[in-house]
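Numbering (our numbering), first residue to last: 92 to 722. Glycine included, C-beta positions come from ideal geometry on N, C-alpha and C. Predicted model, so just to flag it, every value in this text is computed and none were measured.
So this is what it looks like as structure tokens:
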């Protein structure tokens, strides 16, 4: 649990005298650094450091995130009561040492390279955190305010405490925390209990990352690509994976066969045994074209992962007989697997933390301290407290206009009604629009505030949007954002999906007939087939990663799509994140304008303003895609 317990007298003072408590959560030093702020149990903000630094998956101490949270809430560090880091560095170092001892002498070179970094930067993290906080506020002197959670407890807390359930089973799955890679626990009222753990090096997250590496994609970034590539292939290697790479028991517990992997002590994810097993060497990133073999590998991995997760879920329901499931950890961002859990009806209800990766750890650390350590009640039954996950920076119209002027932008100002009508009309005319409204999203999904939107009825939109605007691989799918009340008219999904974390199949009456010749197509050649009445969001297996739009959490976006439906009779739009490949989502009006001018976006709707590409000064067009590393 935590290194420091709160004295009983302080707990009584807080509870009975209604003293406001402010908790700052921090995640950092590995990937996806973030900070979160909890005031009296309310989530007042949660932000990714990458959005400020413009470095994708930024791992540095979240200085900018903390500064934003403090400024936005009129606080200084001296006003913060507890600062909670999302994991325990000493336990992580213990795992590092024990792993190298277990595999010795293998990995000695890697150990020698990593040890100085740990001793200099990571092991004594309380001191490092304190020094970084003093850079934010030189008057900050109370090192005792700094507390530590555990990695998977932070994940579990981020899943259960914001959820609408009084009681739930909690399943967390990721690469690795300190020791744990998978945990099973229960949340009841304001308490968490972890019952079971699977420990490093046995990890579903690292298994998926190993295949990400083997397929030539970037680890901790390219896993989405593997998931998107899977429907183009056939799962012909599934049994090979389940028989050779991983030993899975009937209850879903598992052990990886480490002779095929190199990540425990080496500098790569897989080794020559892995190559021999599948009969091919690792794909060369960016230079070797994807072929049917790679697609079959992705399909096989995804199928194996789904089978293992469903075994775990079946056993959980049988053992605990609890109707509600909460998910977090990086593996919980696999929306295809999530969709299979939902479709299986093993659990009556599922809730997934929208920032399930390490960024969400900062929020979980806050919530765990508030409920478990300060013993504060969980009051959000029947509704979640994530505020639609709109927890980041927001800009007033005067701030937006100031930044647009500095950028040399040409724009027109509209009232809200005109803004909605014009946006919907442009969508209906086939325009691709950058949408920048309200508070930015916490988590990897754009949910309507930092989004690129378009008409899903356009046949070649998926390919063109990928290649000309996102500058990424043509096979990657796009999500529909659909009015929540129209969900059942288009998709076989029986529950809301506000955070774009569930995949479901499109309804049969929306599908288009495919002839025999088209059925025989394979690989990327399937991409150009028109499969439904909304082809831009229909993947090759007739699936879609669905976002349901709710007026109560995002009124502007809801009204835009509702007006688009009034014009077009289509109650959804294509929704993808407002960025290009390798870039974090845009965070400021300046970021938005640069992305707008560096891509083939037709229009930018930002605050009360609309910018049309054809009206802009050609001198502001930039070679944008070369500014960011490939993901």
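I need the straight-line Cα distance from residue 710 to residue 146, nearest angstrom please.
26 angstroms
Would you call the region 437–449 in contact with the region 255–268, where contact means no fewer than 3 C-beta pairs closer than 8 angstroms?
yes
Could you pull the DSSP bridge partners for residue 542 from this structure?
526 and 668
At what residue ranges does the region 310–357 contain a whole run of the beta strand (DSSP E), taking only runs of 3 or more?
337–339 and 345–347
Excluding the five sequence neighbours on either side, which residues of its own chain have a C-beta within less than 6 angstroms of the C-beta of residue 536, listed in chain order?
591
Quick one: using the 10 Å Cβ neighbour count with 16 as the cut-off for buried, is residue 235 buried or exposed?
exposed
Cα-Cα separation, residue 323 to residue 618:
9 angstroms
Suppose the cutoff is 6 angstroms on Cβ atoms and the five residues either side in sequence are ignored; what does the same chain contact list for residue 400 look like?
428
Can you name, in chain order, every residue of its own chain whose Cβ lies under 8 angstroms from the Cβ of residue 299, other than the five neighbours on each side?
314, 317, 392, 396, 422 and 425
Output the distance between the C-alpha atoms of residue 154 and residue 122, rounded to the nearest integer angstrom.
14 angstroms
Distance between beta carbons of residue 294 and residue 456, contact taken as under 8 angstroms:
Actually they are not in contact, since the Cβ atoms of residue 456 and residue 294 sit about 21 angstroms apart, beyond 8 angstroms.
Quick one: grab the DSSP three-state call for residue 661.
coil
Span of the beta strand (DSSP E) around residue 138
133–139
Considering residue 490, what are the terminal residues of the beta strand (DSSP E) in which it resides?
No beta strand (DSSP E) holds residue 490; the alpha helix (DSSP H) holding it covers 488–498.
Which class does residue 537 belong to by DSSP, given the choice of helix, strand or coil?
coil
Under a three-way DSSP split, which group does residue 148 fall into?
coil
In the structure shown, what three-state DSSP assignment does residue 437 receive?
coil
Count the other C-beta atoms from every protein chain shown that fall within 10 angstroms of the C-beta of residue 604, then say buried if there are 16 or more, exposed otherwise.
exposed
So what's residue 279 in DSSP terms, helix, strand or just coil?
strand
Among residues of its own chain, excluding the 5 on either side of residue 118, which ones have a beta-carbon nearer than 7 angstroms to its beta-carbon?
124, 125, 177, 449, 450, 452 and 453
Leaving out the 5 sequence neighbours to the left and right, which residues in its chain are closer than 8 angstroms to residue 230 when beta-carbon positions are compared?
167, 168 and 169
In three-state DSSP terms, what is residue 571?
strand
Candidates 258, 278 and 218, of which the one nearest residue 244 by Cα:
278
In chain order, what residues of the same chain have a beta carbon less than 8 angstroms from the beta carbon of residue 404, not counting five sequence neighbours either side?
262, 343, 416, 432, 435, 437 and 438
8 angstroms CB neighbourhood of residue 141 in its chain, flanking five on each side removed
123, 124, 147, 148, 149 and 675
Do you know how far the Cα of residue 658 is from the Cα of residue 552?
20 angstroms
Could you tell me if residue 378 is buried or exposed, where buried requires 16 or more neighbouring beta carbons within 10 angstroms of its beta carbon?
exposed
Is residue 286 helix, strand or coil by DSSP?
strand
In three-state terms, what does DSSP make of residue 718?
helix
Secondary structure of residue 419, DSSP reduced to three states:
strand
Rounded straight-line distance, which links the Cα of residue 685 to that of residue 376:
28 angstroms
So, at 6 angstroms on beta carbons, what are the nonlocal neighbours of residue 442 in its own chain, with the 5 sequence-adjacent residues on each side left out?
254 and 417
Would DSSP call residue 410 helix, strand or coil?
helix
Taking Cβ positions, are residue 385 and residue 499 nearer each other than 9 angstroms?
no
Tell me, please, which residues DSSP counts as bridged to residue 258.
279
Enumerate in chain order the residues of its own chain whose CB-to-CB distance from residue 93 is below 7 angstroms, with the five nearest sequence positions on each side excluded.
Any reading at residue 93 must be qualified, since the residue scores a pLDDT of 41, below 50, and its modelled position is unreliable; the value itself is stated next. Answer for residue 93: 238, 239, 240 and 464, listed in chain order.
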